[in-house]
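Number of protein chains: 2
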Amino acid sequence: MSVDAETALAHAPPGHKDELRLWLRLLTCTTLIEGEIRSRLRRDFDTTLPRFDLLAALDRAPEGLSLGEVSRRMMVSNGNVTGLATRLEAEGLIERRARPGDRRAQLLRLTAKGRREFARQSAAHEGWIAELLAGVTPVERGALFRLLGHTKISVRNALPPEPSA
Amino acid sequence: MSVDAETALAHAPPGHKDELRLWLRLLTCTTLIEGEIRSRLRRDFDTTLPRFDLLAALDRAPEGLSLGEVSRRMMVSNGNVTGLATRLEAEGLIERRARPGDRRAQLLRLTAKGRREFARQSAAHEGWIAELLAGVTPVERGALFRLLGHTKISVRNALPPEPSA
DNA sequence: CCTCATTCCTTGAAGCCTAAACTATTCCAG
DNA sequence: CTGGAATAGTTTAGGCTTCAAGGAATGAGG
Numbered sequence: 001m002s003v004d005a006e007t008a009l010a011h012a013p014p015g016h017k018d019e020l021r022l023w024l025r026l027l028t029c030t031t032l033i034e035g036e037i038r039s040r041l042r043r044d045f046d047t048t049l050p051r052f053d054l055l056a057a058l059d060r061a062p063e064g065l066s067l068g069e070v071s072r073r074m075m076v077s078n079g080n081v082t083g084l085a086t087r088l089e090a091e092g093l094i095e096r097r098a099r100p101g102d103r104r105a106q107l108l109r110l111t112a113k114g115r116r117e118f119a120r121q122s123a124a125h126e127g128w129i130a131e132l133l134a135g136v137t138p139v140e141r142g143a144l145f146r147l148l149g150h151t152k153i154s155v156r157n158a159l160p161p162e163p164s165a
Numbered sequence: 001m002s003v004d005a006e007t008a009l010a011h012a013p014p015g016h017k018d019e020l021r022l023w024l025r026l027l028t029c030t031t032l033i034e035g036e037i038r039s040r041l042r043r044d045f046d047t048t049l050p051r052f053d054l055l056a057a058l059d060r061a062p063e064g065l066s067l068g069e070v071s072r073r074m075m076v077s078n079g080n081v082t083g084l085a086t087r088l089e090a091e092g093l094i095e096r097r098a099r100p101g102d103r104r105a106q107l108l109r110l111t112a113k114g115r116r117e118f119a120r121q122s123a124a125h126e127g128w129i130a131e132l133l134a135g136v137t138p139v140e141r142g143a144l145f146r147l148l149g150h151t152k153i154s155v156r157n158a159l160p161p162e163p164s165a
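Protein chains in written order, with the UniProt record's numbering: chain Z, 1 to 165; chain X, 1 to 165.
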């Protein structure tokens with residue numbers, strides 16, 4: 001196809017290598033932190049990140065959430081939430097409750113045990129994150145937070161629009 | 001100092017809320033981008049991100065990589081790589097080759113078909129990332145890259161030391 | 001009333017992922 | 001040489017995840 005190796009190299013990437021390197025670094029940071037959090041959740045609480053995330057979502061919504069709402073907040077598929085909720089219900093951490101006036105929907109709520117358990121996990125989790133980010137100064141954290149805000153907007157704008165929201 | 005709402009807010013959590021918010025935003029950005037990339041890889045190439053990542057690792061190592069090396073570079077378990085390699089080998093994109101002098105190890109290499117296929121996917125992938133990050137200015141990208149470098153170091157320092165490296 | 005689109009959830013198939021147990025091979029110290 | 005530690009990969013059980021197909025209930029028009 002191409003004339004020689006140099007030509008191929010020169011025109012293949014129109015200069016998008018910077019964005020790629022940024023993305024790879026972003027991914028590495030997230031993967032490192034996430035992996036450590038998963039590992040500690042397993043070690044200290046014998047649980048998983050998705051379970052923790054689901055409990056966290058319910059903890060922020062004392063009135064309860066439908067499976068669909070949980071699915072949107074966690075950014076995972078609805079079928080995924082079904083299985084997750086089934087396991088957490090079996091462990092007695094959450095409960096399914098029919099929503100009055102709509103027999104399709106159900107509300108998920110933390111049980112008392114679930115609230116207790118999440119409080120323990122949540123406190124540890126917060127400490128872990130602080131520990132992992134301890135080497136980043138408050139000023140840097142502020143700058144990162146702001147820049148990641150821009151990044152989020154950039155990505156959202158490039159994404160296909162959601163059905164409703 | 002004093003006993004008012006401000007004080008209460010200030011001491012209840014030892015001040016780790018900032019780190020937590022930063023982490024959640026970092027996670028959101030990564031999840032958004034990653035989800036879109038997964039979706040496009042499926043739509044345009046009928047493949048997945050782990051497959052793409054494995055091909056990328058092999059593309060950067062023309063001499064081939066052992067399963068263990070791939071496992072370390074992708075930061076996934078070794079058992080995971082076994083299955084991934086099996087599927088990619090079945091599709092004819094990579095090949096297993098015995099390593100001379102060590103009957104335990106094998107080298108994974110891209111086949112000609114694998115190289116062709118990865119080149120197509122890689123070009124598209126690079127464009128997607130550039131598209132998603134188009135709303136972040138070059139200056140901001142530079143700052144982000146640097147700050148994420150600090151973050152990576154901070155996390156690595158807080159992590160349990162690896163066996164070897 | 002119907003009917004049809006929509007919403008909420010579940011199921012099933014397939015793939016990704018980990019930890020832990022296991023096999024085979026290599027390396028090393030005695 | 002030989003026994004045991006270390007290394008390379010595989011396997012297994014269980015959980016996470018998606019997509020696609022489908023069942024049940026709701027709601028809006030005719």
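Just so you know, even glycine gets a beta-carbon here, dropped at the ideal spot from N, CA and C.
Which residues in chain X have a C-beta closer than 8 Å to the C-beta of residue i? List them in chain order.
i	result
serine 154 (chain Z)	Leu132, Leu133, Ala134, Gly135, Val136
asparagine 157 (chain Z)	Gly135
alanine 143 (chain Z)	Ala143, Leu147
glycine 35 (chain Z)	Met75
I need the straight-line Cα distance from residue i to residue j, nearest angstrom please.
i	j	result
threonine 137 (chain X)	isoleucine 129 (chain X)	14 Å
serine 71 (chain X)	aspartate 53 (chain X)	11 Å
leucine 148 (chain X)	leucine 159 (chain X)	16 Å
glutamate 36 (chain Z)	phenylalanine 145 (chain Z)	21 Å
leucine 132 (chain X)	glycine 101 (chain X)	46 Å
residue 184 (chain Z)	glutamate 126 (chain X)	Limits of chain Z in this structure are 1 at one end and 165 at the other, which puts residue 184 (chain Z) out of reach.
aspartate 157 (chain X)	leucine 107 (chain Z)	What sits at residue 157 (chain X) in the sequence shown is asparagine, not aspartate. Taking the straight line from one Cα to the other gives about 42 Å.
proline 62 (chain X)	alanine 105 (chain Z)	54 Å
leucine 27 (chain X)	alanine 90 (chain X)	34 Å
threonine 86 (chain Z)	leucine 24 (chain Z)	35 Å
alanine 165 (chain X)	serine 122 (chain Z)	For alanine 165 (chain X), the pLDDT reaches just 39, beneath the cut-off of 50, and the residue's location in the model is therefore unreliable, leaving the point undetermined.
arginine 60 (chain Z)	methionine 74 (chain Z)	13 Å
serine 2 (chain Z)	arginine 116 (chain X)	Any reading at serine 2 (chain Z) must be qualified, since the residue scores a pLDDT of 34, below 50, and its modelled position is unreliable; the value itself is stated next. Each residue's Cα considered, the two are about 14 Å apart.
glycine 79 (chain Z)	glutamate 34 (chain Z)	23 Å
alanine 143 (chain X)	arginine 103 (chain Z)	51 Å
aspartate 46 (chain X)	aspartate 46 (chain Z)	35 Å
I want to verify the contact list: residues of chain X whose CB lies under 9 Å from the CB of residue i, in sequence order.
i	result
threonine 82 (chain Z)	Residues of chain X passing the Cβ test: none, with the nearest at roughly 19 Å.
phenylalanine 45 (chain Z)	Result: empty, since nearest Cβ-Cβ is about 17 Å, beyond 9 Å.
glutamate 95 (chain Z)	The contacting residues do not exist; glutamate 95 (chain Z) stays about 26 Å from chain X at best.
Which residues in chain X sit within 7 Å of residue i, going by Cβ to Cβ distance?
i	result
threonine 30 (chain Z)	Leu26, Leu27, Thr30
glutamate 140 (chain Z)	Leu147, His150
Give the interface partners of residue i over in chain Z, defined as CB-CB distance under 9 Å, in chain order.
i	result
threonine 111 (chain X)	Neighbours of threonine 111 (chain X) on chain Z: none; closest Cβ ~19 Å, over 9 Å.
Do residue i and residue j have their C-beta atoms within less than 8 Å of each other?
i	j	result
glycine 114 (chain X)	leucine 55 (chain X)	yes
serine 29 (chain X)	valine 155 (chain Z)	Reading off the sequence shown, one finds cysteine at residue 29 (chain X), where the question assumed serine. Contact: yes.
lysine 152 (chain X)	leucine 84 (chain Z)	no
arginine 51 (chain X)	leucine 88 (chain X)	yes
histidine 16 (chain X)	glutamate 140 (chain Z)	no
Grab me the residues of residue i's own chain with a C-beta within less than 7 Å of its C-beta, minus the 5 sequence neighbours each way, in chain order.
i	result
glycine 92 (chain X)	Thr111, Lys113
aspartate 44 (chain X)	Ala124
arginine 40 (chain Z)	Trp128
histidine 11 (chain Z)	Per-residue confidence for histidine 11 (chain Z) stands at a pLDDT of 47, beneath the threshold of 50, marking its modelled position as unreliable; no derived number is given.
aspartate 18 (chain X)	none
arginine 109 (chain X)	Leu58, Gly64, Ile94, Glu95, Arg97
Can you name, in chain order, every residue of its own chain whose Cβ lies under 6 Å from the Cβ of residue i, other than the five neighbours on each side?
i	result
valine 81 (chain X)	Leu67, Val70, Ser71
phenylalanine 118 (chain X)	Leu55, Asp59
Taking Cβ-Cβ distances shorter than 7 Å, what residues in chain Z pair up with residue i?
i	result
residue 171 (chain X)	This structure gives no information on residue 171 (chain X), because the portion of chain X shown stretches from 1 to 165.
histidine 67 (chain X)	Looking at the sequence itself, residue 67 (chain X) is leucine, so the reference to histidine does not match. Here the premise fails: no neighbours, minimum Cβ distance about 19 Å.
Quick one: which chain Z residues come within Cβ less than 8 Å of residue i?
i	result
phenylalanine 118 (chain X)	Those within 8 Å of phenylalanine 118 (chain X) in chain Z number zero; the least Cβ separation is about 13 Å.
threonine 86 (chain X)	Simply none; closest approach about 23 Å.
glycine 114 (chain X)	Per Cβ cutoff of 8 Å: no residues; glycine 114 (chain X) is ~18 Å from chain Z at best.
If I measure Cβ to Cβ from residue i and keep anything under 8 Å in the same chain, skipping five residues before and after, which residues do I get?
i	result
threonine 48 (chain Z)	Arg38, Leu41, Arg42
arginine 99 (chain X)	Ser66, Ala105, Gln106, Leu107
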